[in-house]
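Chains as they are written, first to last, in our numbering: chain V, 1 to 457; chain F, 1001 to 1457.
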């Protein structure tokens, strides 16, 4: 049994039926070389076998009455496998468009809070007889890197090896705490939060001064509510619309080395260029530069199995006012350097402390921005962009090789576009998700992103 | 623009994310003889063409602030066809189990109240190259008979004919009423309701006396909260689990003639026998007879295009204490005769008047039963059962013959099992829906239903 950290609890508190807070990782598998038929039964059994290794798959949420504190995870190995494991067939011809269509449908269905917060879907009907495994995980359970670990737990790094997990039945069950206990504990926690408030305020003031200093330099951090809303900065609907495509990680690295930037800078430049190109084509590019909210991992190498979220947020200007793609890349690189420096000066702790300080954080994040969002024509940020270094070695499912890894992040507030990049071996796959209603031509956006990479090559 | 009747509004008021209030009609189509390829594009276009004929497909809900009265339908032809028209492929081999699995998934996704309340899905991947069209319609728009009409509007009664509808663009749009107007109008309506209250009370008293008289006869009407809960009389979850199978309508008619009962009596006896057999196998059959809530159409032949609901509810004992299938059928027939007689004595109007008497009806239906459901071990009724006479002539979709018509009704309150029967030509297809969690072995229940028909033949 464990109390959710603030970073994890926010994904519970801010979930609505239109604002799903799950993320998805998709692996596409070439069945050639499989040691056994890759049918639904073997998929279901494979998932069942991986549950003992993956604690978050057994966690059930216990909420504190009246939302008076962070909820708890209670370990409950007695889960209903048929709720969690599902299947669907992609329409013919089963290419990237049809797979994205199926991913959109799966993403548009929320997860129920009264069960462990994940689902695993098997998708067949893909071209060349391929299959996809879709892992839908609530963000409160795992950030990008820890969901990579969940994925690794279900796959193997060689075609032969197969994990030998302990039986599910051997795992002890946590007792479910009483409402009284939950309330009492939360009140103690809230009192502690109150006690820490003066120190938090002092820290905030110091951090504010540092930010002011930073903003007097050549590379100010992107401010929130600084740029005009674009079409996807609108009230979220429940309907996700997804597209994905793959570029070469080797080529990205060549670009990175040539301009002395990072792979993440190249990714952001590609996203910025794509969004700019798409909005220009619709005659909707704001005069000010688009801004991005960028989750950055603060996870140490030995923390890969510390589940939940260990991320900080960077706010980056995407330099979409610059026409030249190389200049845009260099401007973005300067902005990420500044964000990294500012983060180092401030330390990663302040945001974490705020998130722990229920109910301050919930108020700041869920309630204060509402009138801002409603009554200004400015967006909090233009979009969310996130890249995660994925597995460098090929992965296998029961002897069959994983040929592609696709990722999808959540939409939050008015940030109605989320672009994620995941590397796998020599590939880098970009997934973009929005509400159907805001970006019905999501493939035009995806194509613009790919074109903006071609410009940099 | 039109105000929802009480019968229609209740399906809006009682909808939650676990208690979807849509129904589904499914037609399975043999593509042989189709005049054009039956692909997704032509399906989407066919649906688009049928919208001008089907008013309910263009209705958007306008709710009265603070739920102070019945909502309104506003005609809005400007709909987003890609929200309403969807597709999915059934897993191989595409038999009745896989089709039911897909129907379960479609049924588990709710309809959004901010859009016209329907979706049309095309399902391919069925055995023998067949297709299914799934029409998901909110119950507030159409009861069984009027959704049959919506189906007829999309199909033709001969392979050649094809309707020639007016273009969608020619349909005028209703203005959306202001909140002020909606509130004012509802207050007037509510005042009228209050004024009608004394007369309604007098009518209720007379009806109560009639019911008491009835209950002193040999065939009392089934009382609510009279029978122990069975496994599906539990809090609803969002996850529907559906099974369907077909029996011969000719054989049903032979049984009906032989025992001098109605087709509906045979249907109810089959459902009763199936539920009894299933519960016996689980050692869960209550000592008292199961009861059913049975929607009965009050629609006149000239009212097929009066959308919405025109039904009354019969409460019928299912005679599950009787071991002999023929005696059980005869007992059920006596119960339905008594219910018909009682209905004729009372007139169909009382229930309608109550449903119109917002907020009395909402209170009676949504709030009063809650403590009853929570604190008694008795179910309001054991299940919902409903049979509708479907098309007697074969139907065609663009020249391709419809080979099967399948129906699914909604779950309400603790009535966690709904069995519907629909006839089509010489077939009678029975669909059973429950929550996955309550009846994971829904096919065992379906098979028990079919076996209980075989007993009567």
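Glycine included, every Cβ here is placed at the ideal spot set by N, Cα and C.
Owing to the predicted nature of the structure, the values given are computational and were not obtained by experimental measurement.
Contacts around residue i, its chain only, beta-carbon distance under 6 Å, and the 5 residues preceding and following it disregarded
| i | result |
| --- | --- |
| residue 20/V | 110 |
| residue 1093/F | 1127 |
| residue 1333/F | 1261 and 1265 |
| residue 1395/F | 1155 and 1402 |
| residue 237/V | 18, 435 and 437 |
Beta-ladder partner(s) of residue i, from DSSP
| i | result |
| --- | --- |
| residue 1418/F | 1384/F and 1433/F |
| residue 1319/F | Bridge partners of residue 1319/F: none, in fact. |
| residue 407/V | 25/V |
| residue 1061/F | 1073/F |
| residue 1247/F | 1428/F |
| residue 156/V | 396/V |
| residue 1089/F | 89/V and 1124/F |
| residue 378/V | 228/V |
| residue 1241/F | 1434/F |
| residue 1002/F | 1073/F |
| residue 1423/F | 1428/F |
| residue 253/V | According to DSSP, which records beta bridges pairwise, residue 253/V is partnered with nothing at all. |
| residue 412/V | 415/V |
Euclidean distance between Cα positions of residue i and residue j
| i | j | result |
| --- | --- | --- |
| residue 105/V | residue 87/V | 12 Å |
| residue 1338/F | residue 1154/F | 38 Å |
| residue 193/V | residue 1436/F | 42 Å |
| residue 1429/F | residue 1247/F | 6 Å |
| residue 79/V | residue 1123/F | 30 Å |
| residue 1401/F | residue 1030/F | 6 Å |
| residue 1313/F | residue 1287/F | 24 Å |
| residue 1220/F | residue 1316/F | 9 Å |
| residue 197/V | residue 191/V | 10 Å |
| residue 460/V | residue 1454/F | Here chain V has residues from 1 to 457 only, and residue 460/V is not among them. |
| residue 101/V | residue 350/V | 40 Å |
| residue 1267/F | residue 1418/F | 13 Å |
| residue 1018/F | residue 1113/F | 15 Å |
| residue 1450/F | residue 1145/F | 25 Å |
| residue 380/V | residue 1294/F | 53 Å |
| residue 159/V | residue 439/V | 40 Å |
| residue 408/V | residue 416/V | 13 Å |
| residue 212/V | residue 131/V | 52 Å |
| residue 1061/F | residue 1311/F | 21 Å |
| residue 434/V | residue 147/V | 21 Å |
| residue 150/V | residue 1129/F | 38 Å |
| residue 296/V | residue 1090/F | 40 Å |
| residue 281/V | residue 97/V | 22 Å |
| residue 523/V | residue 1427/F | It is not possible to answer for residue 523/V, since the shown part of chain V is limited to 1 through 457. |
| residue 1016/F | residue 1413/F | 10 Å |
| residue 1328/F | residue 1290/F | 12 Å |
| residue 1383/F | residue 1136/F | 22 Å |
Other residues of its chain near residue i: CB distance less than 8 Å, five sequence neighbours each side excluded
| i | result |
| --- | --- |
| residue 1006/F | 1070, 1352, 1354, 1355, 1356, 1357, 1358 and 1361 |
| residue 1171/F | 1052, 1058, 1075 and 1077 |
| residue 1133/F | 1026, 1027, 1029, 1043, 1120, 1121, 1122, 1123, 1154 and 1397 |
| residue 1342/F | 1210, 1211, 1214 and 1221 |
| residue 1173/F | 1075, 1076, 1077 and 1078 |
| residue 1115/F | 1060, 1079, 1080, 1083 and 1084 |
| residue 1250/F | 1426 |
7 Å CB neighbourhood of residue i in its chain, flanking five on each side removed
| i | result |
| --- | --- |
| residue 452/V | 270, 273, 274, 277 and 325 |
| residue 331/V | 319 and 322 |
| residue 345/V | 210 |
| residue 1008/F | 1140, 1308 and 1309 |
| residue 1138/F | 1011, 1021, 1022, 1111, 1117 and 1118 |
| residue 1392/F | 1425 |
| residue 103/V | 24, 26, 134, 242 and 408 |
For residue j and residue i, believed in contact at Cβ under 8 Å, the rounded distance
| i | j | result |
| --- | --- | --- |
| residue 432/V | residue 234/V | In fact, because the Cβ distance is near 16 Å, the residues do not count as touching under 8 Å. |
| residue 240/V | residue 108/V | 5 Å |
| residue 1182/F | residue 1064/F | 5 Å |
| residue 1186/F | residue 1068/F | 5 Å |
Residue i: CB within 8 Å of a non-hydrogen atom of the ligand MN
| i | result |
| --- | --- |
| residue 1262/F | This structure does not include the ligand MN; it has no bound ligands of any sort. |
Taking only runs of the beta strand (DSSP E) that begin and end inside the region 284-315 of chain V, which ones reach a length of at least 3 residues, in chain order?
Taken in chain order, the complete beta strand (DSSP E) segments of 3 residues or longer contained in the region 284-315 of chain V are 291-297.
May I have a chain-ordered list of the alpha helix (DSSP H) segments no shorter than 4 residues that lie completely inside the region 1095-1144 of chain F?
Counting only runs of 4 or more, we get 1096-1107.
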